[in-house]
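K.L.:
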Amino acid sequence: MAFPFDILTNVDEESLELAAKEYMSQLHYRNTEYLSLSDSEQIEIGLCNVSFVPLYGTNTAKKLLALFSPDDSNIVVGIYFAGSVVGVEDVLKTAEPSRTGLIKVSTLGERIVLYVLNRIVLRNEKSTEDVFFLCHSEHEAAKILWKDGKAIGFYSLKPKGSLCRIFMTKCYQLPVMDTIFVRRCHRGLGHGIKTFLKLFIKFLRSASNSFFTVCEKYFSIYPADKELLCEVENIGSPFQRTLIADRLQKLKLKGMENVCIFSFRYMEIIIIIIIIIIINKQTHCLLKLLSFYSVLLPDTMITLNYINLVALLSKY
């Protein structure tokens, strides 16, 4: 069975857009059409919920026809693709058995798959750890990760010497991994580490917490690379680079600091309770509190200090 991605060959953006405009102009006169989603829900395709979206972000010259959810006008549920509106999940499928692993984006079909992964799937699966990306440009250097006949992720690169989006008059001083994404249901399976192994890029744009987790796993396997992998800002000048290993260490220290702050706040509360108990001469309550506190915060030195404090207070 061939999927829309497999059928769309030797077609350029202009031809696809013209076909989409023709399809859209006939919607009013044709019998009602529906898009069936994977959960058996059917969405009517009509002029009220279809619209053109730019395929390459700020470059509005080349567009796709998208079908939006009737419940949320910001959610795309289908794309006009090879003669009909196709569900987002079907856009990402292929019947080609040889299409597996990381494959360079070069055809229009691959550009559309990259768009769907970045602008639709990533936003539908968003979490607090994910970083949203701008649309990839028409000639973006990127690769899509394929597995079991589905596109499950991507990454893109900024070659050394390419123009920086933020500073259009300046160029990147080194090759930079600009974006990377793996679908949530495929995370934790080593795909991020495999990406490094396939094409080791020494420099990354600002990374998400989930990607730092990937880096930490990578360093556990290849500790010698700790001095090679950097996070960069802007165009990647020498003073705009930070070792990922250092960033990981700072994140760990920050986490320990938060735990300490939490512990000391507990201590302040317990001091007040102890004073109240001593004033009221409720010794049995004091012993129960100390027992509970030793379990809650088992740090030996801290617990002993508090026992000494209680002994001191009990004299008054």
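All you need for this note's numbering is the position in the sequence shown, starting with 1, plus 335. All C-beta atoms in this analysis are idealised placements derived from N, C-alpha and C, irrespective of residue type, glycine included.
1) Between the C-alpha atoms of W481 and V411, what's the straight-line distance to the nearest angstrom?
2) DSSP beta-bridge partners for K485?
3) Whose CA, out of P405, A477, S375, N409, lies closest to the CA of M512?
4) Could you tell me which of G418, G381, I556 sits nearest to R365, measuring between CA atoms?
5) How many whole angstroms separate the CB atoms of I579 and C550, which I take to be in contact at a CB cut-off of 8 Å?
6) Using only the alpha-carbon positions, how far apart do C506 and R576 sit?
7) Hey, quick one: how far does the beta strand (DSSP E) through Y415 stretch, first residue to last?
8) Using a 10 Å radius around the Cβ and a threshold of 16 neighbouring Cβ atoms, would you call P339 buried or exposed?
9) For F547 and R582, which I take to be in contact (beta-carbon distance under 8 Å), what is that distance rounded to the nearest angstrom?
10) Among the residues of its own chain, which have a CB less than 6 Å from the CB of A337, if the five just before and after it don't count?
11) Assuming the contact rule is C-beta atoms closer than 8 Å, V451 and L427 should be a hit. Round their C-beta distance to whole Å, please.
12) From L362 to L370, what does the alpha carbon distance come to, in whole angstroms?
13) I'd like to confirm the pairing. Which residues does DSSP put opposite S408 in its beta bridges?
14) Would P510 and L492 qualify as a contact pair, given that the criterion is a beta-carbon distance under 8 Å?
15) By Cβ distance below 7 Å, which residues in the same chain neighbour V421 in space, the five residues on each side in sequence not counted?
16) Among E568, E376, L399, whose alpha-carbon lies nearest the alpha-carbon of L353?
P.N.:
According to the structure shown:
1) Cα-Cα distance, rounded: 22 Å.
2) Looking at the DSSP assignment, K485 forms a beta bridge with K428, K482.
3) The shortest C-alpha separation from M512 is found at A477.
4) The option with the nearest alpha carbon to R365 is G381.
5) Between C550 and I579 the Cβ distance is about 5 Å, and since that is below 8 Å, they are a contact.
6) Between the alpha carbons of C506 and R576 lies a gap of roughly 15 Å.
7) In the DSSP assignment, Y415 falls within the unbroken beta strand (DSSP E) covering 411-416.
8) Buried, because 16 or more other Cβ atoms sit within 10 Å of the Cβ of P339.
9) With 8 Å as the limit, F547 and R582 qualify as a contact, their Cβ atoms being about 7 Å apart.
10) Once the five neighbours on either side are set aside, the close Cβ partners of A337 are A430.
11) Between L427 and V451 the Cβ distance is about 6 Å, and since that is below 8 Å, they are a contact.
12) Approximately 14 Å, taken between the alpha carbons.
13) Per DSSP, none; premise fails for S408.
14) In contact: P510 and L492 (Cβ atoms closer than 8 Å).
15) If we look at V421 and ignore the five residues flanking it on each side, its Cβ neighbours are P339, G413, I414.
16) Checking every option, the nearest Cα to that of L353 belongs to L399.
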